[in-house]
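Read in my numbering, the sequence shown has 533 at position 33, and its numbers run on one by one without any break.
In what follows, a structure is listed as structure tokens, so that the remarks can point back to it.
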Amino acid sequence: MTTQSIADRLVALCRQGQYEAAQNELYHADAESFEPNSPFVPYVKGLDAIKAKGEQFQSQIETFYGTEVSDPLVAGNYISCSISLDCDFKGHGRVDMREIALYEVKDGKIVKETFYY
Numbered sequence: 501m502t503t504q505s506i507a508d509r510l511v512a513l514c515r516q517g518q519y520e521a522a523q524n525e526l527y528h529a530d531a532e533s534f535e536p537n538s539p540f541v542p543y544v545k546g547l548d549a550i551k552a553k554g555e556q557f558q559s560q561i562e563t564f565y566g567t568e569v570s571d572p573l574v575a576g577n578y579i580s581c582s583i584s585l586d587c588d589f590k591g592h593g594r595v596d597m598r599e600i601a602l603y604e605v606k607d608g609k610i611v612k613e614t615f616y617y
């Protein structure tokens, strides 16, 4: 797959809320995930750890109102898009979270994701 085709598939799956399907299909088994501003899990390595981090994040959501994912921007082996999430977090109330997601692709798989918010 080209970086553009990975980007298009990633965005299509994320827009449908199929994040784990995107990870299973598009991520390398040793992919890394960075969230530099996260007080909880700023770094994990490996697809299983990335999925566990996602499950932990989902468990914090009390009410989900919606999400938006922009069209992808591709430059070389990098993909970026903006993501917004509107939800109630347990104990924190409603949050309108906005971030830039940056993905690195190598040999047809996503090897790194970084979220800036």
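Where a beta carbon is used, it is the ideal one built from N, C-alpha and C, also for glycine.
Because the structure is a prediction, the values reported are computed rather than measured.
Could you give the distance in angstroms between the alpha-carbon of L513 and the alpha-carbon of E520?
Inter-residue distance for L513 and E520 is about 9 Å (C-alpha atoms, whole angstroms).
Between K612, E599 and K609, which has its C-alpha nearest N537's C-alpha?
Nearest to N537 by alpha-carbon distance, out of K612, E599 and K609, is E599.
Do S580 and A552 have their C-beta atoms within less than 8 Å of each other?
Not in contact: S580 and A552 (Cβ atoms no closer than 8 Å).
Residues that V605 bridges to, as DSSP identifies them:
Per DSSP, I610.
Nearest candidate by alpha-carbon position, reference E562, set L585, F589, L547 and G517
Considering only alpha carbons, the answer is F589.
Locate the alpha helix (DSSP H) running through K553, then write down its first and last residues.
From DSSP, the alpha helix (DSSP H) with K553 extends over L547 to S559.
State the start and end residues of the unbroken alpha helix (DSSP H) segment that holds E520.
For E520, the uninterrupted alpha helix (DSSP H) run begins and ends at Y519 to L526, by DSSP.
Could you tell me whether the stretch 537–550 touches the stretch 603–610, using the rule of 3 or more Cβ pairs below 8 Å?
No: fewer than three Cβ pairs fall under 8 Å.
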